[in-house]
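Colleague:
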């Protein structure tokens, strides 16, 4: 369970050092993906996390993107599958698979109710705002 200081850290979003560059190919793939997702969902923020955020990715690494959504939490699987359809089209265009993780703001602000609160803590720690 994440609570106290850790929960406050999540509500403050991310403490990833500003100015760390995203490689050009990742930036292009994520930009295309987010443009399309913002047309379909009430996105409040997006964070790149994982190997592409840390800079230790391989050419075949996916781009993990936490997509923070406004409104009441909906069912995760249908939302994730619909976002994965968009990600597949982006893969065909760019060669980079974007791996979306939809997270509703209420879950982000209260991670102890999330199925994996430590994942949210890790995203808050290493995530790069998009």
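Numbering (the UniProt record's numbering), first residue to last: 1 to 130.
Ideal Cβ positions, reconstructed from N, Cα and C, are used throughout, including at glycine.
Just so we're clear, the structure is a prediction, and the values are computed from it rather than from any experiment.
(1) What does the Cβ neighbour count give for residue 40, buried or exposed, with the cut at 16 atoms within 10 Å?
(2) Grouping DSSP H, G and I as helix and E and B as strand, with all else coil, what is residue 58?
(3) Do residue 32 and residue 126 have their C-beta atoms closer together than 8 Å?
(4) Could you check whether the segment 75–84 touches the segment 46–53, counting it as contact only if at least three pairs of C-beta atoms, one from each stretch, sit closer than 8 Å?
(5) Which one or two residues does DSSP pair with residue 72 in a beta bridge?
(6) Using the beta-carbon count (16 or more within 10 Å), is residue 77 buried or exposed?
(7) Determine the DSSP secondary structure at residue 37, reduced to helix, strand or coil.
(8) So, using beta-carbon positions, are residue 100 and residue 121 closer together than 8 Å?
(9) What does the alpha-carbon distance come out to for the pair residue 74 and residue 22?
(10) Quick one: is residue 64 buried, meaning 16 or more other Cβ sit within 10 Å of its Cβ, or exposed?
Modeller: According to the structure data:
(1) Residue numbering aside, residue 40 sits at position 40 when the chain shown is read from its first letter. Burial call: exposed.
(2) Here residue 58 is taken as the residue at index 58 of the chain shown, counted from 1. Three-state result, residue 58: coil.
(3) Taking the chain shown and counting its residues from 1, the one referred to as residue 32 is at position 32. Taking the chain shown and counting its residues from 1, the one referred to as residue 126 is at position 126. Not in contact: residue 32 and residue 126 (Cβ atoms no closer than 8 Å).
(4) no
(5) Looking up residue 72 in the chain shown gives position 72. Paired residue(s): none; residue 72 is not in a bridge.
(6) The residue you call residue 77 lines up with position 77 of the chain shown. Exposed, by the Cβ-count rule.
(7) On the chain shown, residue 37 is found 37 positions in, with the first residue counted as 1. Reduced to three states, the DSSP call for residue 37 is helix.
(8) Sequence index remark: in the chain shown, residue 100 carries index 100 (1-based). Sequence index remark: in the chain shown, residue 121 carries index 121 (1-based). Contact flag unset, no.
(9) Position 74 of the chain shown, counting from 1, holds the residue named residue 74. Position 22 of the chain shown, counting from 1, holds the residue named residue 22. Cα-Cα distance, rounded: 30 Å.
(10) What you label residue 64 is simply residue 64 of the chain shown in a count that begins at 1. So residue 64 ends up on the buried side.
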